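Input: a single structure, listed below in structure tokens.
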Amino acid sequence: MKSLQRLTLLTTLLTLICSFIFCNSVYAFDNPNLLPNYSTPVLDLAKSFNPNQIERLESSINEYEANTGWKIRVLTQFENTPGKAIKEYWDLDERTLLLVADPRGGNLLNFNVGDAYFTLMPRTFWVELQTRFGNQFYVRDNGEDLAIIGAVKSVEFCLDKGGCQKVPGLPKEQWLWTLAASILGGFIAGIAGSPRNEDQLIAWKWLLLVSPIWIIPFGVIGIAQVVTRTSEFLPLLRNILAFMTSAIAAYIFAKSTLSKSETGVKKNKSNE
């Protein structure tokens, strides 16, 4: 009897859950009633922008489309979404980028990218764009409005320059990561290049032998990640100076340690 009651309770619970899911999905995935009866490139259902921002963003997107032919559409949503109806409303095609901003997920931004965009910006670009502007920390510090506008401006910048492999700009957090990698690479290079005997100034063989270990953090992360994202020279100069300072410090430390050990060996021999 108890087993039957448990089975009935479980069945009822599953039925309620399924009904809730399927009823919401019908409403969420196709609700054309949310769409206006006029044409606009920005649908702010989540109220992420103020009226002045919407007016400026609409004007900017329309002007950019008229000049270049690239279509950018922005949809913000929270509880309700037009879903599939948006495709017909905006006539989404291969030259259309649909930016969907929904704060309910872990990341604010999602992109529906037309195929023509992938010829200029690879899939990794869109992943980085999402994590750059849509992460919770960026949205918390700058707001949903600036996160969306920043993503749109980055796409327009890359379209104007004929494509991008990386998202332009170097945020402070990313530069600190490249700086730390440069310091690590310098430390490894300094240790590897330290002399193994008194007659040696630099251990070139060791320096070249372990070169992949220090070139990857310094060259690939500390240099390449900077020059592919910004034309500013200051971040690059800082990383180079950090690498050199770290390498010199590690070199001096390793050399002094070697000298002390050799001195200790000589004293032990003389005592014997």
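Read left to right, the sequence shown gives residues -28 to -1, 1 to 244 (mature numbering (1 follows the signal peptide of the UniProt record, and there is no 0)).
All C-beta atoms in this analysis are idealised placements derived from N, C-alpha and C, irrespective of residue type, glycine included.
Note that the structure is a prediction, hence the values are computed from the model and not measured.
Spell out the partners DSSP gives residue i in its beta bridges.
i: Asp16; result: Thr48
i: Asn82; result: Val72
i: Lys43; result: Thr68
Rounding to the nearest angstrom, what Cα-Cα distance links residue i and residue j in this structure?
i: Glu204; j: Trp147; result: 12 Å
i: Phe129; j: Tyr89; result: 13 Å
i: Val192; j: Arg76; result: 36 Å
i: Asn52; j: Asn79; result: 18 Å
i: Lys56; j: Gly135; result: 29 Å
i: Asp171; j: Leu179; result: 17 Å
i: Asn34; j: Leu209; result: 40 Å
i: Asn5; j: Ser11; result: 14 Å
i: Leu173; j: Lys227; result: 10 Å
i: Ala38; j: Arg28; result: 15 Å
i: Glu60; j: Asn114; result: 32 Å
i: Ile212; j: Asn169; result: 28 Å
i: Val182; j: Tyr223; result: 15 Å
i: Leu7; j: Trp42; result: 22 Å
i: Asp87; j: Ala175; result: 52 Å
When the distance is taken between beta carbons, is residue j closer than 7 Å to residue i?
i: Asp117; j: Ser32; result: no
i: Leu64; j: Val85; result: no
i: Leu142; j: Thr96; result: no
i: Leu101; j: Ala123; result: yes
i: Val46; j: Leu71; result: yes
i: Phe83; j: Trp98; result: yes
i: Val198; j: Pro207; result: yes
Relative to the C-alpha of residue i, which candidate in the options has its C-alpha closest?
i: Phe109; options: Phe97, Leu213 and Glu145; result: Glu145
i: Lys177; options: Ala164, Asn82 and Ala57; result: Ala164
i: Asn3; options: Gly115, Ile58 and Leu180; result: Ile58
i: Arg67; options: Glu60, Ala73, Thr40 and Tyr61; result: Thr40
i: Tyr36; options: Asp132, Asn169, Pro184 and Ala119; result: Asp132
i: Pro54; options: Ala18, Ile187, Ile224 and Trp98; result: Ala18
i: Gly30; options: Thr91, Lys125 and Ala196; result: This sequence places Glu at residue 30; Gly is not what is there. The candidate whose alpha carbon is nearest that of Glu30 is Lys125.
i: Pro167; options: Met93, Asp87, Trp149 and Thr229; result: Thr229
i: Phe215; options: Asp113, Ile224, Ala196 and Trp186; result: Trp186
i: Leu92; options: Val127, Asn114, Pro8 and Val198; result: Val127
i: Ala196; options: Asn169, Trp149, Arg28 and Phe225; result: Trp149
i: Ile44; options: Val14, Glu60 and Asn22; result: Val14
Who are the near neighbours of residue i in its chain, counting only those whose CB is closer than 7 Å to its CB and skipping five residues on each side?
i: Ala221; result: Gly162
i: Asp16; result: Ile26 and Thr48
i: Ser218; result: Ile155, Gly158, Phe159 and Gly162
i: Thr200; result: Gln137 and Lys138
i: Thr9; result: One detail in the question is off: residue 9 reads as Asn in this sequence, not Thr. Around Asn9: no qualifying Cβ.
i: Phe225; result: none
Quick one: what's got a C-beta closer than 6 Å to residue i's C-beta in the same chain, skipping five residues either side?
i: Arg104; result: Val139
i: Val(-3); result: Below a pLDDT of 50, predicted positions are generally treated as unreliable, and Val(-3), at 32, falls in that range; no measurement from the model is reported.
i: Ala153; result: Pro189, Ile193 and Gly194
i: Pro94; result: none
i: Phe50; result: Ala18
i: Asn24; result: none
Here's a check: name, in chain order, each residue in its chain whose Cβ is nearer than 8 Å to the Cβ of residue i, leaving out the five neighbours to either side.
i: Leu81; result: Leu71, Val72, Ala73, Leu101, Gln102, Phe105, Gly106, Ala119, Ile120 and Ala123
i: Asn22; result: Asp117
Under the criterion of a Cβ to heavy atom distance below 6 Å, does residue i qualify as lining the ligand NAD?
i: Tyr223; result: The ligand content of the structure shown is nil, which means the ligand NAD is not present either.
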